[in-house]
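There are 2 protein chains.
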Amino acid sequence: MPRPKTRIQQKNSETILEAALEVFSAQGFRGATLDQIAEVAGLSKPNLLYYFPSKEAIHQALLTALLDTWLDPLREINPMGDPVAEIMGYMRRKLELSRDFPRESRLFANEILQGAPRMRAAIEGDMKALVAAKAGVLHGWMDQGRIARVDPVHLLFSIWALTQHYADFDVQVRAVLGDGHDPYAEAEAFLKTLYRKLLAP
Amino acid sequence: MPRPKTRIQQKNSETILEAALEVFSAQGFRGATLDQIAEVAGLSKPNLLYYFPSKEAIHQALLTALLDTWLDPLREINPMGDPVAEIMGYMRRKLELSRDFPRESRLFANEILQGAPRMRAAIEGDMKALVAAKAGVLHGWMDQGRIARVDPVHLLFSIWALTQHYADFDVQVRAVLGDGHDPYAEAEAFLKTLYRKLLAP
DNA sequence: GTCTATACTCTGATAGAC
DNA sequence: GTCTATCAGAGTATAGAC
Numbered sequence: 001m002p003r004p005k006t007r008i009q010q011k012n013s014e015t016i017l018e019a020a021l022e023v024f025s026a027q028g029f030r031g032a033t034l035d036q037i038a039e040v041a042g043l044s045k046p047n048l049l050y051y052f053p054s055k056e057a058i059h060q061a062l063l064t065a066l067l068d069t070w071l072d073p074l075r076e077i078n079p080m081g082d083p084v085a086e087i088m089g090y091m092r093r094k095l096e097l098s099r100d101f102p103r104e105s106r107l108f109a110n111e112i113l114q115g116a117p118r119m120r121a122a123i124e125g126d127m128k129a130l131v132a133a134k135a136g137v138l139h140g141w142m143d144q145g146r147i148a149r150v151d152p153v154h155l156l157f158s159i160w161a162l163t164q165h166y167a168d169f170d171v172q173v174r175a176v177l178g179d180g181h182d183p184y185a186e187a188e189a190f191l192k193t194l195y196r197k198l199l200a201p
Numbered sequence: 202m203p204r205p206k207t208r209i210q211q212k213n214s215e216t217i218l219e220a221a222l223e224v225f226s227a228q229g230f231r232g233a234t235l236d237q238i239a240e241v242a243g244l245s246k247p248n249l250l251y252y253f254p255s256k257e258a259i260h261q262a263l264l265t266a267l268l269d270t271w272l273d274p275l276r277e278i279n280p281m282g283d284p285v286a287e288i289m290g291y292m293r294r295k296l297e298l299s300r301d302f303p304r305e306s307r308l309f310a311n312e313i314l315q316g317a318p319r320m321r322a323a324i325e326g327d328m329k330a331l332v333a334a335k336a337g338v339l340h341g342w343m344d345q346g347r348i349a350r351v352d353p354v355h356l357l358f359s360i361w362a363l364t365q366h367y368a369d370f371d372v373q374v375r376a377v378l379g380d381g382h383d384p385y386a387e388a389e390a391f392l393k394t395l396y397r398k399l400l401a402p
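Residue numbers (the numbering used here), protein chains in the order written: chain A, 1 to 201; chain B, 202 to 402.
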């Protein structure tokens with residue numbers, strides 16, 4: 001990928017990544033084709049490969065940018081804040097990520113589901129370290145009796161599972177709910193109740 | 202697909218479906234190839250296509266069988282039973298499905314994630330109807346004050362999300378936990394606590 | 001029923017004109 | 001920088017021998 005210098009290069013790179021996100025998140029890596037991405041981007045296939053050296057490289061660029069976005073809400077948990085408010089805020093921010101960036105959530109889910117062939121290092125490195133640090137914070141709050149004692153890592157897993165479910169299984173959620181529902185608004189109310197009860201000391 | 206009559210036909214069909222499950226669940230529909238399935242099955246590629254008319258047909262056979270297995274635990278919820286015990290039992294059976302049939306869970310997740318192109322009818326039909334029926338049962342229990350009042354459908358979503366997470370995101374769960382953990386045993390303890398608190402009237 | 005050989009299509013990537 | 005044309009390989013499916 002040539003270092004985007006000019007405005008036009010910058011713009012085209014972004015157009016390609018946007019189109020690639022659309023296609024990869026809906027079809028998975030193998031299911032997506034350069035033809036589809038080119039069509040969505042409104043560019044020719046060889047032109048895609050002028051900006052990125054390969055299909056693999058486009059995918060990798062998306063994943064690299066994604067992990068940071070994905071972990072940001074967790075980083076924001078403040079050890080000095082009010083425990084329940086911090087955890088509720090984290091849950092809410094993760095749910096907002098699902099609502100506002102469902103394609104990113106599905107891109108991530110596709111990758112993990114298939115064994116994380118291109119993200120394993122990041123998961124075993126950055127993600128694991130961050131989770132360990134924040135689990136320590138949660139543990140401290142439990143020791144102080146400020147929230148109920150539960151397994152801190154599984155508490156984080158539960159927030160991931162419950163919030164990402166609404167993006168990753170969107171089709172199923174909407175099909176089962178039927179018309180006239182706002183899945184994310186209902187989810188927020190349900191999850192608030194759930195975590196308020198779970199965390200009460 | 203020829204109606205399996207002889208014992209050898211029966212056996213080969215099963216061998217193919219077992220191999221196909223292995224490959225489809227790990228790679229998705231497009232990512233899987235007949236070559237891979239043939240190799241895992243220990244058969245030649247044309248031989249696969251003697252038993253099933255196409256790659257599509259193999260996949261369809263797996264999905265059709267899957268949905269029933271997947272919904273069985275929900276069907277077993279007994280309106281006459283003890284509400285908390287019934288819901289806890291459902292959660293536990295779903296978690297056991299994730300633990301004992303993780304490939305089936307990932308096959309299902311792959312399908313939904315990509316928009317359920319081959320399962321939409323079943324979801325909008327059987328699954329939606331079953332959920333509506335069981336949501337009615339839950340509602341009745343809430344009206345009687347036997348469990349806390351929460352959105353019954355989102356309660357079911359939460360059980361799906363939390364239990365399937367351990368199969369679908371297995372790689373991430375194990376990477377983050379590190380060695381020396383039994384994810385499913387820990388999950389069961391965590392989820393028991395979670396639902397006991399959530400459901401307490 | 002099972003195999004080898006092969007037809008045909010799709011797809012990632014490159015060549016080369018402009 | 002962008003396009004048309006095209007190559008090479010992979011992948012689904014079929015033909016036909018045994």
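Beta carbons are placed, not taken as given, at the ideal position from N, Cα and C, and that holds for glycine.
| Item | Value |
| --- | --- |
| In whole angstroms, give me the CA-to-CA distance for Ala242(B) and Thr207(B). | 19 angstroms |
| Who are the Cβ neighbours of Asp371(B) in its own chain at under 7 angstroms, not counting the five residues just before and after it? | Pro303 |
| Name, please, each residue of chain A whose Cβ falls closer than 7 angstroms to the Cβ of Ala362(B). | Ala161, Leu162 and His165 |
| Report the rounded CA-to-CA distance for Trp141(A) versus Glu188(A), giving the unit in angstroms. | 24 angstroms |
| Whole angstroms are fine: how far does the CA of Phe52(A) sit from the CA of Ser44(A)? | 13 angstroms |
| Compare the C-beta of Asn110(A) against all C-beta atoms of chain B and say whether one is closer than 9 angstroms. | yes |
| Taking the straight line between their C-alpha atoms, what separation do you get for Ser359(B) and Leu222(B)? | 26 angstroms |
| Could you spell out where the alpha helix (DSSP H) holding Val84(A) opens and where it closes? | Pro83 to Asp100 |
| Whose Cβ in chain B lies nearer than 7 angstroms to the Cβ of Asp143(A)? | What Asp143(A) touches in chain B: nothing, since even the nearest Cβ is about 18 angstroms away. |
| Spell out whether any CB of chain B is found under 9 angstroms from the CB atom of Ile123(A). | yes |
| Got a sec? Which residues, its chain only, sit under 6 angstroms from Val338(B) by beta carbon, not counting five neighbours each side? | Pro280 |
| How many whole angstroms separate the CB atoms of Glu124(A) and Leu66(A), which I take to be in contact at a CB cut-off of 8 angstroms? | That belief does not hold up - the Cβ atoms of Glu124(A) and Leu66(A) are roughly 17 angstroms apart, past 8 angstroms. |
| At a CB distance below 8 angstroms, what residues from the segment 75-95 of chain A approach chain B? Give them in sequence order. | none |
| Using a Cβ cut-off of 8 angstroms, pull out every chain A residue sitting near Pro225(B), in sequence order please. | It is worth fixing the name first, because residue 225(B) is Phe in this sequence and not Pro. In chain order: nothing, as chain A lies at least about 11 angstroms away. |
| Counting only the same chain and skipping the five closest in sequence on each side, list residues whose C-beta sits under 6 angstroms from that of Thr15(A). | Ala41 |
| With 16 as the cutoff for other CB atoms within 10 Å, does Asp369(B) come out buried or exposed? | buried |
| Going residue by residue through the segment 158-185 of chain A, where are the continuous alpha helix (DSSP H) segments of at least 4 residues, counting only ones entirely within it? | 170-177 |
| Could you tell me the boundaries of the alpha helix (DSSP H) in which Val131(A) lies? | Lys128 to Asp143 |
| Looking at Val150(A): is its Cβ nearer than 9 angstroms to the Cβ of Phe391(B)? | yes |
| Give every residue of the same chain whose Cβ lies closer than 6 angstroms to the Cβ of His139(A), excluding the five residues on either side of it in the sequence, and list them in chain order. | Pro152 |
| In the DSSP assignment, find the alpha helix (DSSP H) that holds Ser226(B) and state where it starts and stops. | Arg208 to Gly232 |
| For Tyr385(B) and Asp236(B), what's the separation of their Cα atoms in angstroms? | 34 angstroms |
| Using a beta-carbon distance cut-off of less than 9 angstroms, what residues from the segment 238-263 of chain B approach chain A? | none |
| Expressed to the nearest angstrom, what Euclidean distance is found between the alpha-carbon atoms of Val285(B) and Ile348(B)? | 7 angstroms |
| Can you list the residues of chain A that Glu387(B) reaches, using a CB-CB cut of under 7 angstroms? | Asp151 and His154 |
| Three-state secondary structure (DSSP) at Ile313(B)? | helix |
| In the DSSP assignment, the alpha helix (DSSP H) including Asp236(B) goes from what residue to what residue? | Leu235 to Ala242 |
| Any beta carbon of chain A sitting closer than 9 angstroms to that of Asp369(B)? | yes |
| From Gly290(B) to Asp383(B), what does the alpha carbon distance come to, in whole angstroms? | 20 angstroms |
| Would DSSP call Asn47(A) helix, strand or coil? | helix |
| Using a Cβ-Cβ cut-off of less than 8 angstroms, list which residues of the segment 370-383 of chain B approach chain A; keep chain order. | Phe370, Val372, Gln373, Val374, Ala376, Val377, Leu378 and Gly379 |
| Among Trp361(B), Val374(B) and Gly282(B), which one has its Cα closest to the Cα of Leu156(A)? | Val374(B) |
| Report the CB separation of Gly229(B) from Gln114(A) in whole angstroms; it is logged as a contact under 8 angstroms. | 7 angstroms |
| How about Gly341(B): is its C-beta nearer than 9 angstroms to some C-beta of chain A? | no |
| Alpha carbons only, please: which of Asp269(B), Arg294(B), Phe225(B) and Glu219(B) is nearest the one belonging to Trp361(B)? | Arg294(B) |
| Compute the Euclidean distance between the alpha carbons of Arg300(B) and Gly232(B), then round it to the nearest angstrom. | 24 angstroms |
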